[in-house]
Amino acid sequence: MAASSSSSSPQRDTCLNFITHLLETLKHTIMNIFFHEQDLEDAEQLSQALPQTIVSSYSSRQLKHQVFLSFRGEDTRLNFTAHLLKALKDTGMNVFFDEEKLEKGEQLSSALSQAIAASNLSIIVLSVDYASSKSCLAEVSDIMDRKDTQGHIVLPIFYHVDPSNVRNIGGSFKTSFEDHELKRPIDEVKRWKAAFVEVEKMILGLIEQEDTRIIGLWGMGGIGKTTLADVVYKEVSQKFEDSCFLHNVSEKIEKQGMESLRDDFLTELLEQEIHIRTPSIGQGFIQERLNNKKVIVVLDDVNDSDLMNDLGVQYFGEGSKIIVTSRDKQVLKNGGANKVHEVVKLNENDSLQLFSIFAFRQLNPAIDFLNLSYKFVRYAQGSPLALKVLGSRLYTKSKRDWESEVDKLKEYAQPKISQILKRSFDGLDELEKNVFLDIACLFKNESKEDAEEILSRCYRGAVSGISNLLDKCLIDIITAIPFLSIDYCECFSMHDMLEEMGKDIVRQEAKELWKHSRLWIPKDVYQILRYNKGTDLIQGLKLDMSQIDNLQLCPTVFDNMYNLRVILFYFSGKFLKYSEKKLLADQDDSVSLPDELRYLFWDYYPFKSLSNFNPINLVVLKLPHGDMEFLWNEDGYQNLVNLREIDLTQCKNLRKIPNLLSAINLKSLCCNGCEILVEHPCLDHLAYLKTLELEGCHNLKKFPEVPNHFSILELDETGIEEVPDSVEHLTRLEQLCLRKSGVKKVSSNISKLGLLRSLYLSHCPITEFPKHSKTQTEFPGNSILKFKSLEFMHIDHCNNLKFLSELPPYLRYLVAHDCTSLEKVSFTNQNLYELESSDDSHEFFMLFSNCFNLNQDSINNIEANAMIKIGSLVKKWEKKSDCDPPSLVCCFPRNEISANTFEYQSMSSSLIFGLPPNGCSGRRYLVFVICLVADFAHGHKYEDLICSCECQLTATGGHYEKFKSEWYCSPEFELVQYMGDHVLILFSGAMVKNDKGYQEASFEFHIKKLDLSGEEEPIKVEKCGVYVSYVA
1 MAASSSSSSP QRDTCLNFIT HLLETLKHTI MNIFFHEQDL EDAEQLSQAL
51 PQTIVSSYSS RQLKHQVFLS FRGEDTRLNF TAHLLKALKD TGMNVFFDEE
101 KLEKGEQLSS ALSQAIAASN LSIIVLSVDY ASSKSCLAEV SDIMDRKDTQ
151 GHIVLPIFYH VDPSNVRNIG GSFKTSFEDH ELKRPIDEVK RWKAAFVEVE
201 KMILGLIEQE DTRIIGLWGM GGIGKTTLAD VVYKEVSQKF EDSCFLHNVS
251 EKIEKQGMES LRDDFLTELL EQEIHIRTPS IGQGFIQERL NNKKVIVVLD
301 DVNDSDLMND LGVQYFGEGS KIIVTSRDKQ VLKNGGANKV HEVVKLNEND
351 SLQLFSIFAF RQLNPAIDFL NLSYKFVRYA QGSPLALKVL GSRLYTKSKR
401 DWESEVDKLK EYAQPKISQI LKRSFDGLDE LEKNVFLDIA CLFKNESKED
451 AEEILSRCYR GAVSGISNLL DKCLIDIITA IPFLSIDYCE CFSMHDMLEE
501 MGKDIVRQEA KELWKHSRLW IPKDVYQILR YNKGTDLIQG LKLDMSQIDN
551 LQLCPTVFDN MYNLRVILFY FSGKFLKYSE KKLLADQDDS VSLPDELRYL
601 FWDYYPFKSL SNFNPINLVV LKLPHGDMEF LWNEDGYQNL VNLREIDLTQ
651 CKNLRKIPNL LSAINLKSLC CNGCEILVEH PCLDHLAYLK TLELEGCHNL
701 KKFPEVPNHF SILELDETGI EEVPDSVEHL TRLEQLCLRK SGVKKVSSNI
751 SKLGLLRSLY LSHCPITEFP KHSKTQTEFP GNSILKFKSL EFMHIDHCNN
801 LKFLSELPPY LRYLVAHDCT SLEKVSFTNQ NLYELESSDD SHEFFMLFSN
851 CFNLNQDSIN NIEANAMIKI GSLVKKWEKK SDCDPPSLVC CFPRNEISAN
901 TFEYQSMSSS LIFGLPPNGC SGRRYLVFVI CLVADFAHGH KYEDLICSCE
951 CQLTATGGHY EKFKSEWYCS PEFELVQYMG DHVLILFSGA MVKNDKGYQE
1001 ASFEFHIKKL DLSGEEEPIK VEKCGVYVSY VA
């Protein structure tokens, strides 16, 4: 079936309206930059453009809304205002925009007035029929009153409206006011008109600004810079004495030269033949003529910042406006742009509609082509040019043609798109071209830090080249999980079409594979390796081994590739769990690798060593799952001065790490899962080493000697039995992990680590922490007190532990689950505890589940600590309302609720009680703390345990407020098995309510668990209790 080619007139109108609304949103952004004192970079960045007074006002007055949006719904609700509203919300701004936001029972007029009063800024979208709406006029009147009396900030936007008609109450505004005068009280209409007079004063101040303003439109090729500039130009050009739109400036300079282009430009502006024979305009008649002209000029596709001066834009008369489009941000900055506006890509929904306009001549795709349409839209990644080219190419084509085009996109760039994009590449210098091609072919989605290090060792000035590529919109930096990693960090990214363009450039270097500088297609790399076709032209090899058959490698396979800088042999994510060796070793123990290698990543490295490799230039060495028994011979010195990272994860045959004396710049060493590793070299001379991971090295018995500046030590599942006295030298240690290790003894010197925030000792056979007596295992107070930064402590499943004495009261996350011998818990000086204003703590989690030997004093101490923390959280939240909502979960084994603390109790899962009246004249807040007894008799393992509370507060006259709160009561990423009855103490920010004369509170509690299959199962709430405090 072919995609339909028919289109009705309404469909065409809908399509045109969609494009118009997209452009209108952007156009008004640019108009505001021209004509407003506050520079608005775009709607998405409105929050950044608000003056500091708004920010300070918001924090001091604690207003409910940041923006009040006034608009005529019938005019703009589904188009411009919808786009503006989304952009504001995307920034995280709280926007009041519609009567639907009003609470039921409120009157419209008073509610609107309250909403305006509770906002810092009002945006008024003045459309053609805005003044016909009585509610809109009432809003304007109130907004302008508050502007004068409360410093309320007002931003008018003119949507298809001539500002002079607002200023003079003409056109449709005049008609609307005449109609109101016949139907409304004259005083009311006068008040509305007076508000428009105030808007008039603002408009005059904005339009009559006499500064000359330059705005830069910046973005990648095909993103819509020229189209946007054209829309703005056509909208405002009649307001200026003269205008000129200079298309394709860079291309014209290349063809006709700067002087000729300047003469043509000035001839059009000054309306007389101009010929200047000097490099600059200079002083005299021409400069004088320009000084007296108020003009609007568009300079399209500028790649040289000197061009603005060469064309004399600095001489234009006061009030002139210049739009400059460029793919290079630095060109705009150097050229004196007052503001640089990034033209961003379309979102997926708008992209689908724009694509459908060209592919189907309607606003939405045909249902049979929906999935295919999404594939093209995702390929285009928000580029209007690509959407137009692809859509037009597919118009009236069959579904089979569409499927064929999708397959083609994977390997071949679209010529029309590539031609436009390639202009950016052609303007690069040699270094920038090489860096761009390396990122496109080898390092897209790689860690920025790693790739920068590698590229810097390949090219001098690589960091500068990367910066220039960012300015030219050829690459991007995103926060993501990098290729072949599990942790988020900054990564290199680029538009898929730019990536494809770069790869196409490499493919065109030669017909023969072995003459290509970079190879990344699995079958191509496979052929080079199988037939030993490597040459000195090859600089990078990237191979997804899941896409090839087994191949036995010759030890000399890389001998002719002596300029090879990058080897990246990996298994893609979806095949990682099924991965196995695909590249097999010959009889030799090692393979010869080129000295030029900077990056060596080889998953399942099949050889026993790297003895035939001189790593003098190597920056990153990653050989996960490798077969090596050692890296290189101990007796042979290796120059490792450039080495930054070593990753030998799961190299199960590795017995020893070689001497690293020369690796003075090493930052990371990972040997997780090296099961037979029995020792590691001394590392304390490595001043830049930040990360050491030895998790799962079961035969490693000795605590590592590491530099004093270390912040993290990952030693889980090792054979280490003792943390020695020398640990005191790790003065910058913030996290120590020894879970499931063999640790039996921890030196008391660990208490001297003033920066230690996280301590993990779960599942350890620990007998002394630190040494206190020969018969008891406990945390003595004089040691714990020194842990002034300790916030996270995991000591679960430490079955020999009996005492936790004098714990620091500020622990945020304490997990002591299944410490079956634990008898005593106490906290030091907890009555003096209060969160400091600078403390970012807002969540507390205390888990003593299955600690059945806890005595009653310990239970009282745990409960008291929880209540003190809640009190401190409430005080902090009162003073600093913009902080994260507070939360606390505390759990311990018992089946009784303390009557001294929780005044209101019930023997079921629900509770109703009366609230005493507010005896003070001022405002007061109600603070509720929950206590539940849960029946865990079945002893199941829970992936998640969720407690919920539904509450209704009722006031005189039937007014009521409902709210709900939820708590996740299981440690992150852990399965927990609760046994028997447990008490849960719960609190959250939702439990703090402004008292509006409430007389009664009713609560309903639920607990449910999620098992391993994801199914929910209710847990019985045997008892419940509520503590209420009243805060003025």
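Quick note on full-length UniProt numbering: the sequence shown kicks off at 1 and runs consecutively.
Just so you know, even glycine gets a beta-carbon here, dropped at the ideal spot from N, CA and C.
Taken through DSSP and simplified to helix, strand or coil, S467 comes out as helix.
In this structure, the CA atom of D981 is about 17 Å from the CA atom of D944. Burial is judged here by how many other beta carbons sit within 10 angstroms of a residue's own beta carbon; L730 has at least 16 and is buried. For L814, the beta-bridge partners assigned by DSSP are M793, M846. In this structure, P886 keeps its C-beta atom at 8 Å or more from the C-beta atom of G1025.
Between N799 and T820, the CB-CB gap stays under 8 Å. Sorting K542, K581, D588 by C-alpha distance to the C-alpha of I567 places K542 at the top. Listed in chain order, the alpha helix (DSSP H) runs fully inside the region 544 to 629 amount to none, counting runs of at least 4 residues. Counting the other CB atoms within 10 Å of its CB gives T396 a total below 16, which places it among the exposed residues. Rounded to whole angstroms, the gap between the alpha carbons of Q314 and L155 is 29 Å. Taking C-beta atoms as the reference points, E791 and Y760 fail to come closer than 8 Å. Nearest C-alpha to Y488 among V525, W514, Y459, N445: N445. A Cβ-Cβ contact shorter than 8 Å links M561 with D536. Our two residues, N364 and L85, have alpha carbons roughly 23 Å apart in a direct line. D647 sits close to K622, with the two beta carbons spaced by under 8 Å. Secondary-structure assignment with DSSP links E490 through a beta bridge to T479.
Buried is the label assigned to L713, since at least 16 other Cβ atoms lie within 10 Å of its Cβ.
In the three-state reduction of the DSSP assignment, S887 falls in the strand class.
G673 is classed as buried because its beta carbon has at least 16 other beta carbons within 10 Å across all chains shown. Counting of Cβ neighbours within 10 angstroms places L182 among the exposed residues, the total staying below 16. Shortest Cα-Cα distance from L583 to any of Y570, S592, L593, H1006 involves Y570. Checking the DSSP bridge columns, you'll see C441 has no partner listed.
DSSP, read as helix, strand or coil, puts Q856 in helix. Note that the C-beta distance between I766 and K752 is not below 8 Å. With respect to the 8 Å criterion, N861 and V825 are classified as neighbours on the basis of their beta carbons.
Burial state of C136 is buried, judged by a 10 Å Cβ sphere holding 16 or more other Cβ atoms. In the three-state reduction of the DSSP assignment, R146 falls in the helix class.
The beta carbons of C697 and E675 sit about 7 Å from each other, so the pair counts as a contact at 8 Å.
Listed in chain order, the non-local C-beta contacts of S70 below 8 Å within the same chain comprise S122, I123, I124, V125, C136, E139, V140, I143, local neighbours out to five positions each way being set aside. DSSP, reduced to helix, strand and coil, places G391 within a helical segment of the structure shown. In this structure, F558 is the residue among L346, F558, V166, T718 with its C-alpha nearest to the C-alpha of L529.
Taking a C-beta distance under 8 Å as the contact criterion, K448 and C491 qualify as a contact pair. Comparing alpha carbon positions, the residue from V1028, A440, L474, D179 closest to E499 is A440. Considering only V435, A480, C473, L442, the residue with the shortest C-alpha distance to V463 is V435. Here A229 really is in contact with V298; their C-beta atoms are around 5 Å apart, less than 8 Å. Distance from F1005 to V1028 at the Cβ level is roughly 16 Å; contact not present, criterion being Cβ atoms closer than 8 Å.
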